[in-house]
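Residue numbers (numbering that gives the first Met the number 0), protein chains in the order written: chain A, 0 to 138; chain B, 0 to 138.
2 protein chains.
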Amino acid sequence: MEELIKILQSKNIQPSHQRIKILEILEKNKGHMNVNMIYDELLKEIPTISKTTVYNTLSTFAEKGLVHCLTITPEEMRYDYDTKPHHHLLCTQCGRIIDVDVRCAYADAMEIDGHSIEEIQGYFKGTCKECLSRDKAKH
Amino acid sequence: MEELIKILQSKNIQPSHQRIKILEILEKNKGHMNVNMIYDELLKEIPTISKTTVYNTLSTFAEKGLVHCLTITPEEMRYDYDTKPHHHLLCTQCGRIIDVDVRCAYADAMEIDGHSIEEIQGYFKGTCKECLSRDKAKH
DNA sequence: TTCCATAATTAGAATTATTATAGAATAATA
DNA sequence: TATTATTCTATAATAATTCTAATTATGGAA
Numbered sequence: 000m001e002e003l004i005k006i007l008q009s010k011n012i013q014p015s016h017q018r019i020k021i022l023e024i025l026e027k028n029k030g031h032m033n034v035n036m037i038y039d040e041l042l043k044e045i046p047t048i049s050k051t052t053v054y055n056t057l058s059t060f061a062e063k064g065l066v067h068c069l070t071i072t073p074e075e076m077r078y079d080y081d082t083k084p085h086h087h088l089l090c091t092q093c094g095r096i097i098d099v100d101v102r103c104a105y106a107d108a109m110e111i112d113g114h115s116i117e118e119i120q121g122y123f124k125g126t127c128k129e130c131l132s133r134d135k136a137k138h
Numbered sequence: 000m001e002e003l004i005k006i007l008q009s010k011n012i013q014p015s016h017q018r019i020k021i022l023e024i025l026e027k028n029k030g031h032m033n034v035n036m037i038y039d040e041l042l043k044e045i046p047t048i049s050k051t052t053v054y055n056t057l058s059t060f061a062e063k064g065l066v067h068c069l070t071i072t073p074e075e076m077r078y079d080y081d082t083k084p085h086h087h088l089l090c091t092q093c094g095r096i097i098d099v100d101v102r103c104a105y106a107d108a109m110e111i112d113g114h115s116i117e118e119i120q121g122y123f124k125g126t127c128k129e130c131l132s133r134d135k136a137k138h
């Protein structure tokens, strides 16, 4: 709790009740949640929470570098609390988004072809190993 | 014209009037068009074209491997007629999506961490060199 | 050519993520 | 306490995409 507040303050974000709870959810469910997942979790603790607040808070978090926005699934935004450079696999069978630790030559590059780089997004579409072995078991 | 038909047939796509015109537009405007850009171009030639047809056709093209879908701009899908592996830069200033020819170690990989890979998407967010030099000129 | 079956196209409605807006609640400050 | 700024909420607006049902085009067979 105290730690969460410190994290917010270190990023110049005023630690409101809602923001602390949203950060807490991101800490717990290290994953790639979308707004609805976060909203549903929040409802358990703050029944009056508004979805707009979730959107606003996540925008603020993204601006201040507390989360990364993932545009992987075309229909919705995902939020990644892990801001270290890494890639993702979107499993086309089970729909999960899985971290992939690739050694990307451009991970720390500041420019490429004369363009300046602020952010790298890399992801794969395919079938995750769990789905692969489940498929195999069927034969 | 004949060539466009051959391209469609080689991918097992029936060459209808609409599909040929859409392919023609993709050939001409090698870029990363969204549905509205394609739709607006089409209107000049087929005033009765339906936006649903554009969506359906592009889905078909993507299924058959004629185009790649780019989920870079969060608000809309982009379609890339260049299906050779390459990356993209989204310029946060002018909004353009620019091809970036990176030598990615995973470009031809079939699997990673035990997951099987069907598709790779890599892109950068930053400022393109044109915007950079325009900014410099101002000082 | 004419008929038939199938696939493609169309228009409009439905869905859904996200943003905009404006008022209410809360916190900060003096 | 009074004032002010910030945050939060509910609702409406926007816009991309999908769904649906009816219409039209297409290719093959008689």
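Every residue gets a Cβ at the ideal spot worked out from N, C-alpha and C, and that includes glycine.
Straight across, the Cα-Cα distance linking A61 of chain A with Y80 of chain A is about 10 Å. Shortest Cα-Cα distance from E23 of chain B to any of B:C130, B:I96 and B:E40 involves B:E40. Between V34 of chain A and L69 of chain A, the beta carbon gap of about 12 Å keeps them out of contact (Cβ cut-off 8 Å). Neighbourhood of V66 of chain A in chain B, by CB distance below 9 Å: empty, with the nearest CB roughly 14 Å away. If you look at V99 of chain A, you'll find it in the beta strand (DSSP E) that goes I96 to V99. Judged by DSSP in its simplified three-state form, S115 of chain A adopts strand. Taking C-alpha positions only, G64 of chain B is separated from I48 of chain B by approximately 23 Å. No Cβ-Cβ contact shorter than 8 Å links L88 of chain A with Y38 of chain A. For Y122 of chain B, the nearest beta carbon of chain A is closer than 8 Å to its own beta carbon. Burial state of Q8 of chain A is exposed, judged by a 10 Å Cβ sphere holding fewer than 16 other Cβ atoms. Around the beta carbon of M109 of chain B, a 10 Å sphere encloses fewer than 16 other beta carbons of the protein chains shown; the residue is thus reported as exposed. A straight line joining the alpha-carbon of I111 of chain A with that of D134 of chain B spans about 18 Å.
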